[in-house]
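Residues in the sequence shown are numbered from 0 upward in steps of one, following numbering that gives the first Met the number 0.
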Amino acid sequence: MSQPELKPPPAEGEAIAPEDAYREGLVTVDVDLFARTDVGQVREHNEDNFLVADLTQKSRGLLEANRKATIGCHGSLFAVCDGMGGAAAGEIASQLAVDILYERMVDGLVPGEHVERNELARRLVRSVEAAGLRIFQEAKADRTRRGMGTTVTAAALVDDVLFLAQVGDSRGYILRQGQLVQVTRDQSLVNQLIEAGQLTEEEAETFEHNNIILQALGTADTVQVDLTYAELRKGDTLLLCSDGLSGMIRFDDIRETLLQFSEPLEACKALTEKANLAGGHDNITVIVVKFDGKSLRDPSDAEPLKYRKYSLPEEPAELTSPARRLPSLTPAPAPTGPSPLPASSDPSVAGANNASWQEPGGGPHYEVDEPIDIPGTHVPTWIVVVLILGVISALAATAFLFLR
0 MSQPELKPPP AEGEAIAPED AYREGLVTVD VDLFARTDVG QVREHNEDNF
50 LVADLTQKSR GLLEANRKAT IGCHGSLFAV CDGMGGAAAG EIASQLAVDI
100 LYERMVDGLV PGEHVERNEL ARRLVRSVEA AGLRIFQEAK ADRTRRGMGT
150 TVTAAALVDD VLFLAQVGDS RGYILRQGQL VQVTRDQSLV NQLIEAGQLT
200 EEEAETFEHN NIILQALGTA DTVQVDLTYA ELRKGDTLLL CSDGLSGMIR
250 FDDIRETLLQ FSEPLEACKA LTEKANLAGG HDNITVIVVK FDGKSLRDPS
300 DAEPLKYRKY SLPEEPAELT SPARRLPSLT PAPAPTGPSP LPASSDPSVA
350 GANNASWQEP GGGPHYEVDE PIDIPGTHVP TWIVVVLILG VISALAATAF
400 LFLR
């Protein structure tokens, strides 16, 4: 898959190094974003958290509303975490997740030195894994926190490439030229039953156990991170959200709201309010990011948006070679079996104070080339049958099934 040229016309036949291109302003990706989290109408406290970070400036937090910023040579990071565990444990888990993600993503970055795409993707996966291990250790050490965990949907951007790391059922969508596509995959029981043909989308709307997820950070010492990617185009809009939003607003309503409100602040506010009007059964968290800039190609030459897994190559011996070049993206091969891949949410911040979602009708909206596999989470057919019959005791014998 071809990549845009990130350099000026060659000087004496030589290409400019990526880090020089950033310093000279030849790589320009602008973002306009806003994020909001809300307790909802039912829960007593908010267990969601979000993260917005400029990795180049090593800063986290929201930009001033309606103010654009340019992505630097180390990229940017956006994440939504939906905690679970009761009392304050879920809130602790999601806060630990965003803190560790940020700390690990900025650790060791060399000022002014461009971060390669594979390096950024590898950092993202390892940061999620580190967060999961830390939360697990904290829960093990403190009995009052036993069972705590959190979902994570994190997006890291460098050049024109967005990498997404997924554990759980928070979601990532991209809106392009009026088309909204879910570019992450829910790691949930109900989604797996749909994909296995054991449940229709209509039946899923009233499925008794649609609150069961297959993975979460902190519930085991290891997790299998689902790594995907998207190549951005001018005018793309990224939406990250917890299931307090997607569970309360239908897919088409989400799309129409993003189309109606072009400003991220207004879009976040409208989506949050709609989720609350629909019942607000869970905490609601939303991040909306709009992309522009001269380094992004026109959407007319883009392939259709879809869920695309990304396979990390073997780690190179030297990650900081001065002769590094931008690698091309390589889609993952069709799966043949399990193959594991090696900002504060304070309500006072930027108007943040209440939002999240999960789709009650229409089922998940993926664009995929082939069936998708979450390593280590497939449920045997006999368990599927038992679950459908209502024998919930089988859940105790099934790995990675957690009642939220």
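The C-beta atom is built at its ideal place from N, Cα and C for all residues, glycine as well.
Residue i to residue j span [Cα, whole Å]
{"i": "Arg125", "j": "Gly243", "result": "27 Å"}
{"i": "Val26", "j": "Arg122", "result": "22 Å"}
{"i": "Pro167", "j": "Thr152", "result": "It is worth fixing the name first, because residue 167 is Gly in this sequence and not Pro. Their backbone Cα atoms lie some 8 Å apart in a straight line."}
{"i": "Gly279", "j": "Met247", "result": "7 Å"}
{"i": "Thr150", "j": "Asn282", "result": "13 Å"}
{"i": "Gly60", "j": "Ile173", "result": "22 Å"}
{"i": "Phe290", "j": "Arg142", "result": "44 Å"}
{"i": "Gln176", "j": "Arg144", "result": "45 Å"}
{"i": "Asp297", "j": "Arg42", "result": "43 Å"}
{"i": "Leu192", "j": "Thr199", "result": "8 Å"}
{"i": "Ala203", "j": "Ile91", "result": "31 Å"}
{"i": "Gln178", "j": "Ala96", "result": "31 Å"}
{"i": "Cys80", "j": "His208", "result": "21 Å"}
{"i": "Thr55", "j": "Leu238", "result": "22 Å"}
Pick from the options that is closest to residue i, judged by C-alpha positions
{"i": "Gly146", "options": "Arg121, Thr218, Leu238, Glu314", "result": "Thr218"}
{"i": "Asp262", "options": "Glu201, Asp281, Lys67, Met104", "result": "In the sequence as displayed, the identity of residue 262 is Glu instead of Asp. Of the listed residues, the one whose Cα sits closest to Glu262 is Lys67."}
{"i": "Val157", "options": "Tyr306, Leu311, Leu304, Val28", "result": "Val28"}
{"i": "Leu76", "options": "Gln94, Ile99, Leu50", "result": "Leu50"}
{"i": "Lys293", "options": "Glu302, Gly234, Tyr306", "result": "Gly234"}
{"i": "Tyr306", "options": "Val180, Leu216, Ser169", "result": "Val180"}
{"i": "Asn117", "options": "Val105, Ala155, Glu128", "result": "Ala155"}
{"i": "Tyr228", "options": "Leu163, Gly39, Val97", "result": "Leu163"}
{"i": "Asp159", "options": "Glu115, Ile99, Ile134, Asn190", "result": "Glu115"}
Cross-strand partners of residue i (DSSP beta bridge)
{"i": "Val51", "result": "Phe77"}
{"i": "Thr69", "result": "Asp29"}
{"i": "Lys289", "result": "Asp31, Thr236"}
{"i": "Ser187", "result": "Ile212"}
Buried or exposed by the 16-neighbour rule on C-beta atoms within 10 Å, applied to residue i
{"i": "Gly84", "result": "buried"}
{"i": "Gln136", "result": "exposed"}
{"i": "Ala195", "result": "exposed"}
{"i": "Glu313", "result": "exposed"}
{"i": "Lys308", "result": "buried"}
{"i": "Ala140", "result": "exposed"}
{"i": "Gln186", "result": "buried"}
{"i": "Asn45", "result": "buried"}
{"i": "Ser107", "result": "Checking the displayed sequence, the identity of residue 107 turns out to be Gly instead of Ser. Its Cβ having fewer than 16 others within 10 Å, Gly107 is exposed."}
{"i": "Thr183", "result": "buried"}
{"i": "Ser169", "result": "buried"}
{"i": "Gln223", "result": "buried"}
Contact between the segment 64-84 and the segment 98-111 is defined here as three or more beta-carbon pairs at a separation below 8 Å; is this criterion met?
Taking a cut-off of 8 Å on C-beta distances, the segment 64-84 touches the segment 98-111, as three or more cross pairs fall below it.
Flag this pair as touching only if the segment 279-290 and the segment 28-47 have three or more C-beta atom pairs under 8 Å; answer yes or no.
Yes: at least three Cβ pairs fall under 8 Å.
Taking 8 Å as the threshold, find out whether the segment 211-226 comes into contact with the segment 264-278 through three or more Cβ pairs.
Judged by pairs of C-beta atoms under 8 Å, the segment 211-226 does not touch the segment 264-278, as fewer than three such pairs exist.
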